[in-house]
Structures are given as C-alpha cells and as structure tokens.
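Participant:
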Ligand SMILES: [Zn+2]
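In my numbering, the protein residues as written are 7 to 419.
#1: Give me whichever residues DSSP pairs with residue 186 in a beta bridge.
#2: Suppose the cutoff is 6 Å on Cβ atoms and the five residues either side in sequence are ignored; what does the same chain contact list for residue 352 look like?
#3: Pick out the complete alpha helix (DSSP H) segments inside the segment 330–387, 4 residues or longer, and give them in chain order.
#4: Spatial neighbours of residue 137 within its chain, please: CB distance less than 6 Å, with the 5 preceding and 5 following residues excluded, ordered by chain position.
#5: What is the DSSP secondary structure of residue 220, reduced to helix, strand or coil?
#6: Starting from the C-beta of residue 262, find all residues in its chain whose C-beta is less than 8 Å away, skip the five residues before and the five after it, and write them out in chain order.
#7: Hey, residue 34 and residue 116 are a contact pair by Cβ (cut 8 Å); roughly how many whole angstroms apart?
#8: Less than 6 Å between C-beta atoms, sequence neighbours within five positions excluded: which residues of the same chain meet that for residue 153?
#9: Just checking, does the segment 317–328 make contact with the segment 347–362 on the three C-beta pairs under 8 Å criterion?
#10: Determine the closest residue to residue 370 out of 207, 265, 259, 234, with distance taken between C-alpha atoms.
#11: Taking the CB atoms as reference points, tell me whether residue 228 and residue 255 lie closer together than 8 Å.
#12: Do residue 250 and residue 305 have their beta-carbon atoms positioned less than 8 Å apart in this structure?
#13: How do the segment 139–153 and the segment 76–89 stand: do at least 3 beta-carbon pairs fall below 8 Å, yes or no?
#14: How about residue 135 and residue 168: do their beta carbons lie closer than 8 Å?
#15: Check whether the segment 173–189 touches the segment 329–348, taking contact to mean three or more Cβ pairs, one atom from each stretch, closer than 8 Å.
#16: Can residue 185 be considered in contact with ligand 1, in the sense that its beta carbon sits closer than 7 Å to one or more heavy atoms?
#17: Do residue 133 and residue 367 have their C-beta atoms closer together than 8 Å?
#18: With DSSP as the reference, identify every bridge partner of residue 281, one or two as the case may be.
#19: Would you identify the three-state DSSP class for residue 17, choosing helix, strand or coil?
#20: Under a Cβ-count criterion, where at least 16 other Cβ atoms within 10 Å of its own Cβ denotes burial, should residue 284 be classed as buried or exposed?
#21: Under 8 Å Cβ to Cβ from residue 8, same chain only, skipping five residues before and after it: list those, please.
#22: State buried or exposed for residue 273, treating a residue as buried only when at least 16 other CB atoms are found within 10 Å of its CB.
#23: Please list, following the chain, all residues that have a C-beta closer than 6 Å to any non-hydrogen atom of ligand 1.
#24: For residue 144, which of helix, strand or coil comes out of DSSP?
#25: Could you give the distance in angstroms between the alpha-carbon of residue 70 and the alpha-carbon of residue 244?
#26: Mind pulling the beta strand (DSSP E) runs of 3 or more residues that sit fully within the segment 203–257?
#27: In this structure, does DSSP put residue 180 in helix, strand or coil?
#28: Please report the residue range of the beta strand (DSSP E) in which residue 166 lies.
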C-alpha cells in the first residue's frame with residue numbers, strides 16, 4: 007500500500023543557517039500577509055477572488071522592483087505560502103457553506119494575518135531534497151545537520167516536500183514522503199479502550215495507561231511565568247525574554263503529550279486486531295469547564311486521529327462506538343444499568359449480579375463488546391497522516407486481573 011506520511015525531526019543549525027531560515031520564514035510570512043491584504047483589496051474592488059498563481063506572478067514582478075530582497079530566499083518559500091493561503095480560503099468557504107446549511111456551529115475561520123509575536127513560523131520547500139543519515143540538503147539552504155541520526159528514511163521513499171519550522175528557539179524539519187507500506191496480517195486480540203481523565207486509557211484486558219498530565223504538573227510554573235510576562239514592560243527586552251521562557255515550557259508540555267499519545271496508539275495499532283473506542287463528543291465535553299482542562303490535556307481527538315491512520319498501516323481495525331452508549335453505567339457482566347452512578351464513583355458495583363470492579367475497566371469491557379455489532383468507520387481516515395510516529399515499544403504496566411481476563415475472553419468469543 008502506498009502511503010503519504012511525514013517525519014519530523016530537529017535541526018542542528020549554525021548561526022548562519024539560523025539567519026537564512028529566519029529570512030525564509032520571514033519571506034513566507036510576508037507573502038502570506040501581502041496576499042491576504044491583496045485578495046481583500048481585489049475582492050472589494052471587483053467582487054472576485056484571486057488565487058495563488060496570479061498573486062505569485064504579481065509578486066514576481068515586484069521582485070525586480072521594490073522587493074529585491076526576495077531574491078535572497080528560495081522562490082518556494084513565498085510560493086508555498088500563497089498556496090497555504092489558497093487552502094485557508096478553501097477551508098473557510100467550505101465552512102461558510104456548512105454554516106449556511108446549518109451544519110456548523112463554530113466559527114468559519116477567515117484567514118488571519120501572521121504575526122512574528124507568535125513564533126517565527128515556518129516555510130515549505132519543494133524540488134531537489136536529499137536526505138542523509140545525519141543531514142538534509144534543501145534548496146538554497148544547503149546541507150543542514152540533524153540532531154538525531156537515522157530517523158529520516160534515506161532510501162525507498164519519494165520526498166514530496168520539506169517544511170522547516172521554529173518553536174521556542176528550536177528549529178525542526180518535517181518531510182512529507184510517499185512510501186510503500188506492507189500491511190502486516192494482524193492477529194492480535196480484540197480490545198475495548200476507555201479514555202478517561204483519571205487514567206489516560208483503560209483497556210478491556212486490564213491494562214491501565216496512567217495519565218502523564220503534563221500540563222497539570224507544570225501549571226504552577228506556567229502561572230508564575232505568565233505573571234512575569236505580564237509584569238514586564240510591553241515591547242521591552244525583558245518581556246521578550248520571559249515570553250521565550252514561557253514558550254519553552256509550553257513546548258515541553260506539548261512534546262511530552264505527543265510522545266505518550268504516539269507510544270500508546272502505536273502499541274494498540276500494532277498488537278490488537280480490533281480496537282473499539284468511544285467516539286466522544288470532545289468539543290461538547292470541552293464546554294463543561296471542570297472537565298475541559300483535564301480533557302484538553304489528554305488530547306482525545308488526537309488520540310482518535312492517530313489511532314485511525316496507524317490502524318491502516320498495521321492492519322488493525324478501529325470501531326467507533328456510539329457516543330451516547332452508557333458504557334460506564336452498564337454492568338459488563340449482566341447488563342444492569344446503574345442510573346445513579348456519578349463521575350466521582352471510581353468503582354462499579356452491580357446490584358444484580360454482584361460484580362465489583364474498576365469503573366474504567368467496566369466501561370472498557372462494555373466498549374469491547376461493541377466490536378461485533380458495529381463495523382463501520384474502520385480506517386476511515388485512510389493513509390493520510392502528519393506527525394511523527396516513532397517505533398518505540400511501550401512497556402505497559404501489566405495489571406490484568408485473572409477475573410477480568412476471563413471475562414475478556416468470554417466477550418471476545
Ligand atoms: Zn451485573
């Protein structure tokens with residue numbers, strides 16, 4: 007199966023290269039903002055949309071005139087930025103139509119100007135890109151060293167593009183490649199997964215993945231840093247310094263979250279043949295303010311997204327259970343429903359058959375049962391992907407009780 011996927015890794019740049027990258031990012035940002043303003047101008051004058059091709063021609067003409075500095079960067083940087091703007095408008099128009107049809111409640115997301123205050127941003131390059139075990143060669147930028155050896159695929163892939171981005175002082179490159187993926191026969195067991203706030207995930211075989219809660223742990227420090235930033239003089243050097251520290255901390259939180267999610271989803275997709283998850287109404291749950299922070303911290307929708315594309319790579323199947331199924335309230339043994347179960351009750355006690363077990367495990371067992379009844383949505387998102395999946399096996403704490411394992415076998419069979 008031919009798949010498109012991305013590999014992202016950190017660059018090890020010298021000062022000269024950092025300057026060059028900053029120039030490219032600046033050119034991309036300039037082109038995007040210029041084009042956005044230009045589009046609005048033209049639309050107000052003529053009522054028509056201008057797209058990237060036309061805008062690029064116009065920008066090129068100005069290169070000979072007042073924008074000579076654009077010669078210093080690869081022509082891809084502004085060109086791809088204009089394409090990004092095209093996409094932003096397409097998404098916006100699509101959402102406008104959905105809104106008209108009454109299928110969308112959120113914002114339509116009109117493209118915004120890019121600002122340097124929120125990080126230096128990124129730029130995309132296409133054309134001749136060569137990958138080595140410890141370096142990558144990009145047009146105009148030359149050979150850039152990588153911090154990690156042998157992560158990027160050197161052979162057997164077709165490189166479509168490379169995106170260089172900056173976050174909190176670190177520079178990364180993400181390459182998009184087309185590669186042949188042999189989908190293995192997956193003969194693993196069926197597993198139900200209950201995603202939670204107390205524990206990140208509970209499997210129906212009894213495995214519990216503890217929640218790293220990266221944000222919660224650093225919340226105090228984040229609060230303090232936010233305060234420091236707001237106390238510094240606006241536009242001053244010290245404010246910029248403090249803002250940078252804050253960005254670094256947020257970067258750490260994001261990385262830790264990504265790492266845990268990738269490890270769990272990869273293990274699931276590789277070792278289980280059918281994975282049943284509850285299709286949680288995440289945006290609805292985020293409106294419940296008490297739960298909001300905890301849920302956003304766990305990254306539920308990202309969990310689902312990763313699981314779907316990884317399942318298509320490793321030959322497993324994802325079943326999305328109905329979001330209104332009362333998996334927590336129903337007894338996994340006899341089907342009795344506890345209407346009085348509260349979120350604070352961590353143990354499920356059945357009044358009918360007497361079964362007593364962990365609340366999340368009970369939910370996971372119920373979810374696993376749905377594997378047979380529902381089979382849609384499998385591999386819904388196909389082979390598209392972005393982001394980094396590392397092939398690191400996770401050592402999961404074995405906490406499976408004999409009782410629940412027996413139950414699992416009964417349910418699966
Ligand atoms: Zn029961």
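Backbone N, C-alpha and C fix where the C-beta goes; we use that ideal spot for every residue, glycine too.
Facilitator: By the coordinates alone:
#1: Within the chain shown, the letter at position 180 stands for residue 186. BP columns for residue 186 point to 8.
#2: The residue you call residue 352 lines up with position 346 of the chain shown. If we look at residue 352 and ignore the five residues flanking it on each side, its Cβ neighbours are 365.
#3: Runs of the alpha helix (DSSP H) inside the segment 330–387: 365–379.
#4: On the chain shown, position 131 is the one that residue 137 refers to. The beta carbon of residue 137 lies closer than 6 Å to those of 158, 160 in the same chain, with the five residues before and after it left out.
#5: Indexing the chain shown from 1 puts residue 220 at position 214. Looking at residue 220 - three-state DSSP - the assignment turns out to be helix.
#6: If you number the chain shown from 1, residue 262 lands on position 256. The beta carbon of residue 262 lies closer than 8 Å to those of 218, 220 in the same chain, with the five residues before and after it left out.
#7: Translated into the one-based positions of the chain shown, residue 34 becomes position 28. Translated into the one-based positions of the chain shown, residue 116 becomes position 110. Residue 34 to residue 116, Cβ: 20 Å. No contact.
#8: Reading the chain shown from its first residue, position 147 is the one you call residue 153. Closer than 6 Å at Cβ, skipping near neighbours: 16, 18.
#9: No, the segment 317–328 is not in contact with the segment 347–362.
#10: The residue you call residue 370 lines up with position 364 of the chain shown. Among 207, 265, 259, 234, the Cα nearest to that of residue 370 belongs to 207.
#11: For the purposes of this step, residue 228 is taken as the residue at position 222 of the chain shown. For the purposes of this step, residue 255 is taken as the residue at position 249 of the chain shown. Less than 8 Å separates the beta-carbon of residue 228 from that of residue 255.
#12: Here residue 305 refers to the residue found at position 299 when the chain shown is read from its first residue. Here residue 250 refers to the residue found at position 244 when the chain shown is read from its first residue. With contacts defined by Cβ atoms closer than 8 Å, residue 305 and residue 250 do not form a contacting pair.
#13: With a cut-off of 8 Å, the segment 76–89 and the segment 139–153 count as touching, because enough Cβ pairs lie within range.
#14: Stepping through the chain shown from its first residue, residue 135 is reached at position 129. Stepping through the chain shown from its first residue, residue 168 is reached at position 162. Annotated as proximal: residue 135 and residue 168, with beta-carbon spacing under 8 Å.
#15: A contact is defined here as three or more CB-CB pairs under 8 Å, and the segment 173–189 fails this definition with respect to the segment 329–348.
#16: For the purposes of this step, residue 185 is taken as the residue at position 179 of the chain shown. No, Cβ of residue 185 sits at least 7 Å from all heavy atoms of ligand 1.
#17: On the chain shown, residue 133 is found 127 positions in, with the first residue counted as 1. On the chain shown, residue 367 is found 361 positions in, with the first residue counted as 1. Taking the C-beta atoms as reference points, residue 367 is found no nearer than 8 Å to residue 133.
#18: Numbered from 1 along the chain shown, position 275 holds the residue referred to as residue 281. For residue 281, the beta-bridge partners assigned by DSSP are 197, 324.
#19: Within the chain shown, the letter at position 11 stands for residue 17. If DSSP states are grouped into helix, strand and coil, residue 17 belongs with the strands.
#20: Within the chain shown, the letter at position 278 stands for residue 284. Under this definition residue 284 is a buried residue.
#21: Sequence index remark: in the chain shown, residue 8 carries index 2 (1-based). Excluding positions up to five away in sequence, the list reads 184, 185, 186, 187, 389.
#22: Your numbering for residue 273 matches position 267 in the chain shown. With 16 or more other Cβ atoms within 10 Å, it is buried.
#23: Output, sorted by chain position: 337, 339, 340, 342, 356, 358, 359, 361.
#24: Position 138 of the chain shown holds residue 144. Residue 144 falls in the strand class under three-state DSSP.
#25: Taking the chain shown and counting its residues from 1, the one referred to as residue 70 is at position 64. Taking the chain shown and counting its residues from 1, the one referred to as residue 244 is at position 238. If you take the alpha carbons of residue 70 and residue 244, they lie about 39 Å apart.
#26: Under the rule that a run must span 3 or more residues, the beta strand (DSSP E) segments found entirely inside the segment 203–257 read 205–209, 214–216.
#27: Indexing the chain shown from 1 puts residue 180 at position 174. Note: residue 180 maps to strand in three-state DSSP.
#28: The residue labelled residue 166 in the question sits at position 160 within the chain shown. That run of the beta strand (DSSP E) goes 163–173.
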